[in-house]
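Asks: Sharing a structure below in C-alpha cells format, with a few things to ask.
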Amino acid sequence: MLAAKNFLSPILQDIKESVVKSFINNNLSDIDEVYKALCEKYNNRADIDALKASIKGQILACMGFLAQEVDENRNLSEFAKDALNRSSAPRAGLSVMKSSCNACREKSFEVTSMCQGCVARPCEANCAKKAITVTDKAYINQELCIKCGLCATNCPYGAIHKYNVPCEDICPVNAIKKDENGREEIDIEKCISCGKCLQSCPFGAISYNSQMIDVLNHIKNPNQKVVAMVAPAILGQFGNDLGKAISAFKALGFDDVLDVAYGADHTSRDESKEFVERMSEGAQFMTTSCCPAYVKTAKVHVPEIEKFVSHTGSPMRYIAEITRSRYSDAKIVFVGPCLAKRIEAENDPNVDYVLVFQDVMAMINACNIDIALLETSGFDDEASLQSRRYAISGGVAEAVNNLIDGKADYRPYAINGLTKDSVKLLKKFALKGLDDNCNMLEVMCCEGGCIAGPGCVNLPKKAAVILEQYAKTGKNQKELDIK
Numbered sequence: 045m046l047a048a049k050n051f052l053s054p055i056l057q058d059i060k061e062s063v064v065k066s067f068i069n070n071n072l073s074d075i076d077e078v079y080k081a082l083c084e085k086y087n088n089r090a091d092i093d094a095l096k097a098s099i100k101g102q103i104l105a106c107m108g109f110l111a112q113e114v115d116e117n118r119n120l121s122e123f124a125k126d127a128l129n130r131s132s133a134p135r136a137g138l139s140v141m142k143s144s145c146n147a148c149r150e151k152s153f154e155v156t157s158m159c160q161g162c163v164a165r166p167c168e169a170n171c172a173k174k175a176i177t178v179t180d181k182a183y184i185n186q187e188l189c190i191k192c193g194l195c196a197t198n199c200p201y202g203a204i205h206k207y208n209v210p211c212e213d214i215c216p217v218n219a220i221k222k223d224e225n226g227r228e229e230i231d232i233e234k235c236i237s238c239g240k241c242l243q244s245c246p247f248g249a250i251s252y253n254s255q256m257i258d259v260l261n262h263i264k265n266p267n268q269k270v271v272a273m274v275a276p277a278i279l280g281q282f283g284n285d286l287g288k289a290i291s292a293f294k295a296l297g298f299d300d301v302l303d304v305a306y307g308a309d310h311t312s313r314d315e316s317k318e319f320v321e322r323m324s325e326g327a328q329f330m331t332t333s334c335c336p337a338y339v340k341t342a343k344v345h346v347p348e349i350e351k352f353v354s355h356t357g358s359p360m361r362y363i364a365e366i367t368r369s370r371y372s373d374a375k376i377v378f379v380g381p382c383l384a385k386r387i388e389a390e391n392d393p394n395v396d397y398v399l400v401f402q403d404v405m406a407m408i409n410a411c412n413i414d415i416a417l418l419e420t421s422g423f424d425d426e427a428s429l430q431s432r433r434y435a436i437s438g439g440v441a442e443a444v445n446n447l448i449d450g451k452a453d454y455r456p457y458a459i460n461g462l463t464k465d466s467v468k469l470l471k472k473f474a475l476k477g478l479d480d481n482c483n484m485l486e487v488m489c490c491e492g493g494c495i496a497g498p499g500c501v502n503l504p505k506k507a508a509v510i511l512e513q514y515a516k517t518g519k520n521q522k523e524l525d526i527k
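Pasting the structure below:
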C-alpha cells in the first residue's frame, strides 16, 4: 500500500471535486475544459501523454465509466452525455488505464552492491533451485529463480533486493496481471473489488467507476426522493461530530439518512441464531458473511469454504429492506468505505447506488458545505454499541457472541485482512478446520476492518478512536427491541 501521506491522493480527490463542480455549475457541459485545466495544473510529469491519459481516465471513472472498456479517443463531453442519460447504475468494477500504466518491471530478486561475497553464502545454500552462484559477488540466474525470496531472507547484509509490481503484489487473488505489452489488466471475473491495487498504484493508473453523477442527477430532480444509508465506518470520516456529518448529507439533498449499524443489529440477531443451529447440527465451524470481498473470494477462489459461510444477510441488506419499506419509490444509496459493496448491491433489488466516503467528500467540498457550521442531526433508529463496532476487526464476532449468550460453545478466530497467504489459510481451514479448535471465523478483507476501506477519507487509527468513543454511548443489544 502507498503511505497515507503522498502527492497522488490529493490530485485524485481534486479531479473528483472538479467533476462534481462541473456537474453542479454546468451539467458537465464544460468537462473538456475541466480536463485541459487539470492537465495544465498538474503538468509536472516527464511523460505528458501518460499524464493526460491518467487524468482523462480518472475523469471517465468519476462519470461512471471503466477506462479499459471504452474508446478513450472519444471526447469527454460525449461520455458526459451518456452519463447524464443513464437510467441505471453502471456495472461496478476496477479498471486499468493502459496509457498511464507504468508497465513496471517483473517481480524479481537482484543482488545489490552491498553483497560481500561471504564464505558462508547462505543465499546459495538456501536456494532450492540452485539459481545462485557466488564468486566475488552473488549472481542470480533469473531463468532458474522462482522468486521465493529465501536468498533475501537469509542474506546477513540485506544485500539482495526484492523488486515488486505493487498492484500485482498486493492483490490477494491474483486478479491483475500483465498483458502482452507488459501493462496491467484486471480480470473482472476474478476481481473481488477489494481496491488494494488501486491503493497501491503510485501512478494513479487504476480507478473505480463512481456512481456520483447518477446520484447527483437524481438529487437534482425535485420529484425524486433520494435516501442515504451510511455504514458504521462513517465515524471520523467527516469530522468528529456524527450529527454534523448527517446534516451534511441532508445539505447535499438527501431526503433522509439511515444508520446501517441498525441493520447490523438484525445481522447479529440472525447470525447468532444460525450459529447455534449449525453447531447443534454438528458443523465444524461457520464464517461471517458481512464482507462482500470475502464472500466473492469464497465463491470464486476458495469454493471449498463456501459451505461454511453464514447465510445471514449483511447489515446493508437488512437496512435496505427497512429503507425500501419506508420509501418505496426512493432511490436508495449505500454510502461506506467499501468498493466491493457495489458487487453486493448489484444483486440487491433494494439498493440502487453505492458511493464511498471519498465520493461524498468530493460532493461536500464541491458544494462548499462547511460541516463545522451545520446544526446537529440524528438517526431515527437506535443501533446498539455492538453493531456500531462492526467496522472494526473483531466487532462482528463480538456482536454475534453477545447474543449467543452461552447457548453454544463459541470460539472465534479472525482473519484481519485478505492477503495471498490468508487466502491459502482459508483453503486449509476448509479442509482441516480452524486452528485451536475454533468454530467461528470472522473475515475482514481490509486490515483493521472497514475503517481501512479503500473509500475512506480519514486514517484508520484516528477513525477507530472516534468510532470506539461513539460506540460506548450506545446501549447493549440485549436492551434494544430489534424487530
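Just so you know, we're using my numbering here: the sequence shown kicks off at 45 and counts up by one.
Glycine included, every Cβ here is placed at the ideal spot set by N, Cα and C.
Fair warning: this is a prediction, and the values are worked out from it, not measured in the lab.
(1) Assign residue 231 to one of two classes, buried (16 or more other C-beta atoms within 10 Å of its C-beta) or exposed (fewer than that).
(2) Output the boundary residues of the alpha helix (DSSP H) element that contains residue 182.
(3) Specify the secondary structure class of residue 246 as computed by DSSP and reduced to three states.
(4) If residue 238 and residue 337 are in contact, beta carbons under 8 Å, what's the gap, nearest whole angstrom?
(5) With a CB to CB cut of under 7 Å and the five nearest residues on each side skipped, what residues in its chain are close to residue 458?
(6) For residue 402, which residues of its own chain have a beta-carbon under 8 Å away from its beta-carbon, when the five flanking residues on both sides are left out?
(7) With 16 other CB atoms within 10 Å as the buried threshold, where does residue 161 fall?
(8) Helix, strand or coil, according to DSSP, for residue 425 in the structure here?
(9) Which residues in the same chain as residue 409 place their Cβ atom closer than 7 Å to its Cβ, once the five residues preceding and following it in sequence are excluded?
(10) In the DSSP assignment, the alpha helix (DSSP H) including residue 526 goes from what residue to what residue?
(11) Give the list of continuous beta strand (DSSP E) stretches no shorter than 3 residues that lie fully inside the region 222-280.
(12) Within its chain, find whatever has a CB closer than 7 Å to the CB of residue 133; leave out the 5 residues flanking it on each side and keep chain order.
(13) Is it right to say residue 333 is buried, meaning 16 or more other beta carbons lie within 10 angstroms of its own, or is it exposed?
(14) Tell whether a beta-carbon distance below 7 Å holds between residue 45 and residue 243.
(15) Would you decide whether residue 113 is buried or exposed? Buried here means 16 or more other CB atoms lie within 10 Å of its CB.
(16) Secondary structure at residue 397, three-state DSSP: helix, strand or coil?
(17) DSSP puts residue 288 in a beta bridge; with which residues?
(18) Taking DSSP as the reference, what is the three-state secondary structure of residue 98?
(19) Quick check: the Cα distance between residue 54 and residue 496, rounded to an integer number of angstroms?
(20) Using the C-alpha atoms, what's the distance from residue 474 back to residue 348?
(21) Please say whether residue 360 and residue 378 have beta carbons closer to each other than 7 Å?
(22) Cβ of residue 367 within 7 Å of Cβ of residue 488?
(23) Could you pull the DSSP bridge partners for residue 380 from this structure?
(24) Roughly how far, in whole angstroms, is the beta-carbon of residue 431 from the beta-carbon of residue 416, given that I think they are within contact range, below 8 Å?
(25) Out of 197, 206, 270 and 285, which has the shortest C-alpha to C-alpha gap to residue 294?
(26) Can the beta-carbon of residue 77 be found less than 7 Å from the beta-carbon of residue 140?
(27) Give every residue of the same chain whose Cβ lies closer than 7 Å to the Cβ of residue 447, excluding the five residues on either side of it in the sequence, and list them in chain order.
(28) The beta strand (DSSP E) that contains residue 456, what's its start and end?
(29) Between 386, 248, 454 and 126, which has its C-alpha nearest residue 318's C-alpha?
(30) For residue 234 and residue 292, what's the separation of their Cα atoms in angstroms?
(31) Among residues of its own chain, excluding the 5 on either side of residue 105, which ones have a beta-carbon nearer than 8 Å to its beta-carbon?
(32) Going by DSSP in three states, residue 138 sits in which element: helix, strand or coil?
(33) Residue 388 lies in the alpha helix (DSSP H); which residues open and close that run?
(34) Are residue 173 and residue 190 touching if we call contact CB-CB under 7 Å?
(35) Identify whether residue 371 lies in helix, strand or coil by the three-state DSSP scheme.
Replies: The relevant details are as follows:
(1) exposed
(2) Counting along the chain, residue 182 falls outside any alpha helix (DSSP H), though it belongs to the beta strand (DSSP E) covering 182-184.
(3) coil
(4) 5 Å
(5) 437, 438, 441 and 486
(6) 57, 60, 499, 500 and 501
(7) exposed
(8) coil
(9) 61
(10) Residue 526 -> no alpha helix (DSSP H), and no H or E assigned at all.
(11) 228-230, 250-252 and 270-274
(12) 255, 258, 396 and 397
(13) buried
(14) yes
(15) exposed
(16) strand
(17) Looking at the DSSP assignment, residue 288 forms no beta bridge with any residue, so it has no partner.
(18) helix
(19) 18 Å
(20) 6 Å
(21) yes
(22) no
(23) 400
(24) Not a contact, Cβ separation roughly 28 Å.
(25) 270
(26) no
(27) 312, 313, 316 and 521
(28) 456-460
(29) 454
(30) 37 Å
(31) 111, 139, 251, 252, 253 and 254
(32) strand
(33) 385-390
(34) yes
(35) coil
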